[in-house]
Amino acid sequence: MSQQELQYIGGARRLGSGEPLSVTAPATGEVIATGKGATAADVDAAVAAAKAAFPEWAGTTPGERSDLMHAWVRVLHERADELAAVESVNAGKPIRLAQEFDVPGTIDNTAFFAGAARHLEGKSAAEYSGDHTSSIRREPLGVIGSISPWNYPLQMAAWKILPAVAAGNTIVLKPSELTPLTSLLFAEAATAAGVPAGVINVVTGVGPVAGQALVEHPDVAMVSFTGSTVVGRQVAATAAGSVKRVHLELGGKAPFVVFDDADLEAAARGAVAGALINVGQDCTAATRAYVQRPLFDEFVGRVADLMDRVTLGPVEDPETDMGPLITRKHRDKVSGMVDRARDAGAKVVRGGRIPEHTHEGGAYYEPTLITGATQDSEIVQQEVFGPVLVVLPFDTDDEAIALANDTAYGLAASAWSTNVYRTQRASREIQAGCVWINDHIPIISEMPHGGYKASGFGKDMSAYAFDEYTNIKHVMSDITAAAHKPWHDVIFRAE
Ligand code: NAD
């Protein structure tokens, strides 16, 4: 296979100057691209391109940025089939998921930020002191360094790039070295739409080399990171060295609380779809179902039946419901956690195995349903990031809320009930950045996504994302023209 240029710097593809890098299809284990990883020198070049592009880009009007982003939307529509096909192969997603979720979601997000670019908000200018006019300027920060994970490569690139550039920043994105292909296509689509070279750069390389260099770089004003809590902690510590602003979207362990007056069929379907979407490699995936005891057995039975209906298969087959995990190494991690739960006495009701009849080079794992685990066990407390749902019983509403809050994470949660007082209470008391009521998973461009607790801080999507990617400047102008101002009395006693 010929070498592919996996870097996108200053509007052009480059080879990279680091170690050889192979990009693999998770469904088959086949190498789909080979290139070279980015080194600190490549990161330097990308940051220099972004720095050079910043003054002109920051000087465009919101309307000009919006027009270019609308043109970008049109290019993405034209290239939607290519984006879906590449995302499907590189990330191991069933083609239906890439076509119906990843690509339309990304295009909608781009369209949202094309509009939002014209709506940066602030307090109204006014004479708050009586003697001055106070006004707010919302200014871009400069060069943003972003680092994204492999689970939704295109959407995560979009979530990082769009609010940053809509607000007038330029950016260097380091996608996961496992899944760089659609991030590169997304940046190229921006250039094709007329976004100037250097505004969006992509460096593909491993975290400890390219990621570390980006976080440390003195010309990077802010780091936005989506990934695991372990690496997020390291990124925050490194960024502290140069006092960079940090935005962290980290791991999750979403609870799924089913009260005894819930629509059981809706809850069972929601739990299976919410647990298995993207093979459970979703930071908001339903992972811990707490079910009130009268419904427990029936809920487990229905979930097991629904899991039996999920078809594993080749990602290009439209009949495939669930593809492989991202790598065989990751599958080993998932199966190790299930095995330890089983060894500790939990019951594996469904799955817990590598399936037969799937491509042997692929990292497939069966939909897995577990009961009988203890609340303090690894499988309940730690992120599995695989197709694994644990179901636990509860008796009282107080207990349900306490169990839902009893992990280090706080990204997302759902509550299932037909009683509005119960769902209102759950939405108020569950500590998470998003609480769904009688659903689990849907996201929309207009509303924020972000964590509480060890799931991080800051918001992706929505106008709230501009709070991360802008500096707020207060301009206070004297309107009295007086040389002797009343407040000078604190220094010059009354004259
Ligand atoms: P990861 O933390 O291993 O890697 C994330 C990114 O960080 C990758 O690009 C990686 O190359 C880079 N990286 C690794 N070491 C680094 C270092 N020392 N310095 C700088 N960068 C470094 O995560 P992953 O396995 O790619 O993704 C899965 C994780 O992402 C899960 O924990 C999941 O919950 C989380 N996630 C969170 C959200 C969210 O919105 N909160 C969304 C998607 C994924």
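Mapping the sequence shown onto my numbering, position 384 (from 1) lands on 384, and the numbers just tick up by one.
A virtual CB, placed ideally from N, CA and C, is assigned to each residue, including glycine.
The beta carbons of residue 334 and residue 384 sit closer together than 8 Å. DSSP lists no bridge partner for residue 283.
Assignment of beta-bridge partners to residue 416 by DSSP yields 258. Between residue 462 and residue 477, the beta carbon gap of about 32 Å keeps them out of contact (Cβ cut-off 8 Å). When secondary structure is reduced to three states using DSSP, residue 54 falls in the helix class. Its Cα nearest to that of residue 29, the residue 329 stands out among 165, 73 and 329. DSSP, read as helix, strand or coil, puts residue 249 in strand. The continuous stretches of beta strand (DSSP E) do not include residue 398, which lies in the alpha helix (DSSP H) extending over residues 397-404.
Relative to the ligand NAD, residue 168 has its C-beta separated by 7 Å or more from all heavy atoms.
In chain order, 338 and 368 place their CB closer than 6 Å to the CB of residue 352, counting only its own chain and leaving out the 5 sequence neighbours on each side. In this structure, the C-beta of residue 449 approaches the ligand NAD to less than 7 Å from one of its heavy atoms. Cβ contact annotation for residue 118 (same chain, cutoff 7 Å, sequence separation greater than five): 62, 63 and 66, in chain order. Between the ligand NAD and residue 68, a heavy atom-to-CB distance of less than 7 Å is absent.
Nearest neighbour of residue 360 by Cα position, chosen from 346, 325, 390 and 375, turns out to be 325.
Taking the Cα positions, residue 236 is about 25 Å away from residue 413. Looking from the CA of residue 425, the closest CA among 161, 440 and 397 belongs to 397. Look at residue 168 here: in three-state DSSP terms it is coil, with no helix or strand label. Taking 8 Å as the cut-off, the beta carbon of residue 50 is found closer than this to the beta carbon of residue 171. In this structure the stretch 203-210 lies against the stretch 12-19, because at least three pairs of beta carbons, one per stretch, are closer than 8 Å. Remark: the shortest separation between the CB of residue 7 and any heavy atom of the ligand NAD does not fall under 7 Å. Fully enclosed beta strand (DSSP E) runs of no fewer than 3 residues occupy 347-350 and 368-371 of the stretch 325-374, in order along the chain.
A residue is called buried when at least 16 other Cβ atoms come within 10 angstroms of its Cβ; residue 292 meets this threshold and is buried. Relative to the ligand NAD, the beta carbon of residue 83 is positioned no closer than 7 Å to any heavy atom. Taking a C-beta distance under 8 Å as the contact criterion, residue 256 and residue 280 do not qualify as a contact pair. With a cutoff of 7 Å, residue 228 counts as near the ligand NAD, since its C-beta is closer than that to a heavy atom of the ligand.
In this structure, the C-beta of residue 456 approaches the ligand NAD to less than 7 Å from one of its heavy atoms. When DSSP states are grouped into helix, strand and coil, residue 93 belongs to the coil group. Going by beta carbons, residue 143 and residue 210 fall outside the 8 Å limit. Beta-bridge analysis with DSSP links residue 471 to 139. Looking at the DSSP output, residue 12 bridges to 9.
The alpha-carbon of residue 363 is positioned some 44 Å away from that of residue 471. Placement of the Cβ of residue 174 at a distance of less than 7 Å from at least one heavy atom of the ligand NAD is found. In the structure shown, residue 217 falls within a coil segment according to DSSP collapsed to helix, strand and coil. Using a Cβ-Cβ distance cut-off of 8 Å, the stretch 452-468 and the stretch 147-166 are in contact, since at least three pairs of beta carbons, one from each stretch, lie closer than that value. Contact between the stretch 432-447 and the stretch 253-267 is present: three or more C-beta pairs spanning the two stretches fall below 8 Å.
With contacts defined as CB atoms closer than 8 Å, residue 229 and residue 250 qualify as a contacting pair.
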